[in-house]
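Novice:
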Amino acid sequence: MIGYPTGGPADDLRDLIRVRACADGTETVVWWTGDVYGWQPDDGPRHLFGFEGVNVGRARAVPGGYELLTREAAAYLDPRTREILQTWDNPLTGRSVEVMHVWNDPANQRWQEQGRFGPFRAPRVQIGDQVVFNVDVLLAYPSPLPAAEFPDHSAGDIYRAMELFQFFAPAAELASEAGSVPCALSWTRVSPWLPWMELGARPGALVYHCRGAKLGGWDEVPDRLREHVAAQAPAFAHAPQEWSEPNETSWTAFRKRSSGHH
Numbered sequence: 001m002i003g004y005p006t007g008g009p010a011d012d013l014r015d016l017i018r019v020r021a022c023a024d025g026t027e028t029v030v031w032w033t034g035d036v037y038g039w040q041p042d043d044g045p046r047h048l049f050g051f052e053g054v055n056v057g058r059a060r061a062v063p064g065g066y067e068l069l070t071r072e073a074a075a076y077l078d079p080r081t082r083e084i085l086q087t088w089d090n091p092l093t094g095r096s097v098e099v100m101h102v103w104n105d106p107a108n109q110r111w112q113e114q115g116r117f118g119p120f121r122a123p124r125v126q127i128g129d130q131v132v133f134n135v136d137v138l139l140a141y142p143s144p145l146p147a148a149e150f151p152d153h154s155a156g157d158i159y160r161a162m163e164l165f166q167f168f169a170p171a172a173e174l175a176s177e178a179g180s181v182p183c184a185l186s187w188t189r190v191s192p193w194l195p196w197m198e199l200g201a202r203p204g205a206l207v208y209h210c211r212g213a214k215l216g217g218w219d220e221v222p223d224r225l226r227e228h229v230a231a232q233a234p235a236f237a238h239a240p241q242e243w244s245e246p247n248e249t250s251w252t253a254f255r256k257r258s259s260g261h262h
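Counting from 1, one number per residue, gives the positions in the sequence shown under UniProt numbering.
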């Protein structure tokens, strides 16, 4: 059975919060694994990294919607052995560079029934006994790393990327009153080269292709990733308690780390 269920902004918002997090504010652990590919107009695609990460969040009801308070950690892996990398031999330049893993704290979002882009929408299609939501995030904003200031680490003055999510939820669970609905997810990201890759404005891009799920708790995160977080930044095993901004990204983190060098 194929169908296109529809709801108003309030229904869309509550349903997607239940799928992505938990409407009653319970902490939610979302894990993903996958790979990162690089391509250039005259080279590739190349399989550059494995990638595995975890986001721990809580949804908090606020007037007109929800705040999603989260922090996320992710590690770049050797594409063959799947071990966490500390350094990376860049096949495009022949240089070895230090790998900067992802420690985004916070990674918060505000979801409003009536937001600055209009009514909240969570496009969905029912396929058999599953409902699939897609959230396509198209990004273009001034880069934290202006090219003139960071010529080796910036692809340009405008950061352009796409984050393409799909959330797969059981239709019967979604139709219930449960505050949290199980989900599996797919995530594809198209982005510029990472700052620490030292590829500057070289033409090309990265494509992340990952899949994952909402887990039952932190103890279900695979050992390698749990140990990585415990050793490096144990606070990432829990969601933030309060709203803060701006969000951290690999680009803002690189700028902070480089501030002593510029």
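Every residue gets a Cβ at the ideal spot worked out from N, C-alpha and C, and that includes glycine.
Just so we're clear, the structure is a prediction, and the values are computed from it rather than from any experiment.
For Gln166 and Glu98, I'd like the C-alpha separation in whole angstroms.
Specialist: C-alpha separation (whole angstroms): 32 Å.
Novice: At which residues does the alpha helix (DSSP H) containing Trp251 begin and terminate?
Specialist: Segment 250-258, the alpha helix (DSSP H) holding Trp251.
Novice: Residues in its own chain within less than 6 Å of Asp129 by CB, not counting five upstream and five downstream?
Specialist: Closer than 6 Å at Cβ, skipping near neighbours: Ala171.
Novice: May I have the straight-line CA-CA distance separating Asp89 from Leu48, to the nearest angstrom?
Specialist: In a straight line, the C-alpha of Asp89 is about 10 Å away from that of Leu48.
Novice: Okay, do the stretch 28-45 and the stretch 207-216 touch, 3+ Cβ pairs below 8 Å being the bar?
Specialist: With a cut-off of 8 Å, the stretch 207-216 and the stretch 28-45 count as touching, because enough Cβ pairs lie within range.
Novice: Using only alpha-carbon positions, find the residue among Asp24, Trp187, Ala59, Thr70 that is nearest to Phe236.
Specialist: Taking only the C-alpha atoms, the option nearest Phe236 is Thr70.
Novice: In the DSSP assignment, what residue or residues form a beta bridge with Ile158?
Specialist: Looking at the DSSP assignment, Ile158 forms a beta bridge with Pro142.
Novice: Measure from the alpha carbon of Tyr141 to the alpha carbon of each residue in Arg160, Asp11, Arg189, then state which is nearest.
Specialist: Looking at the Cα atoms, Arg160 is the closest of the given residues.
Novice: Going by DSSP, name the residue or residues bridged to Asn55.
Specialist: Answer is Val30, Glu72, bridged to Asn55.
Novice: From this set, Asp43, Ala74, Asn247, Arg58, which residue's C-alpha is nearest Ala23's C-alpha?
Specialist: Per the Cα distances, Arg58.
Novice: Quick check on Trp243: buried or exposed, where buried means 16 or more other Cβ atoms within 10 Å of its Cβ?
Specialist: Exposed, by the Cβ-count rule.
Novice: Give the range of the beta strand (DSSP E) segment to which Arg226 is assigned.
Specialist: Note, Arg226: premise wrong, no beta strand (DSSP E); alpha helix (DSSP H) at 223-232.
Novice: For the alpha helix (DSSP H) containing Arg20, list its first residue and its last residue.
Specialist: Counting along the chain, the alpha helix (DSSP H) containing Arg20 begins and ends at 9-20.
Novice: Considering Ala213, what are the terminal residues of the beta strand (DSSP E) in which it resides?
Specialist: Counting along the chain, the beta strand (DSSP E) containing Ala213 begins and ends at 205-215.
Novice: Is there contact between the stretch 109-126 and the stretch 71-91, where contact requires at least three CB pairs shorter than 8 Å?
Specialist: No contact exists between the stretch 109-126 and the stretch 71-91.
Novice: Based on the DSSP secondary-structure assignment, which residues constitute the bridge partners of Asp136?
Specialist: Note: Asp136 sits in a beta bridge opposite Leu164.
Novice: Between Phe254 and the rest of its own chain, which residues show a CB-CB distance below 7 Å, the 5 nearest in sequence each way excluded?
Specialist: So the qualifying residues of the chain are Met100, Leu145, His153, Pro195, Trp196.
Novice: What did DSSP end up calling Trp243 once you bin it into helix, strand or coil?
Specialist: Coil, per DSSP.
Novice: Helix, strand or coil for Asp219, going by three-state DSSP, please let me know.
Specialist: Here Asp219 sits in helix by DSSP.
Novice: May I have the straight-line CA-CA distance separating Leu77 from Ala122, to the nearest angstrom?
Specialist: Distance between the alpha carbons of Leu77 and Ala122 is about 32 Å.
Novice: Which whole-angstrom value is the C-beta distance of Trp32 and Val221, which I expect to be below 8 Å?
Specialist: About 11 Å separates the two Cβ atoms, so there is no contact after all.
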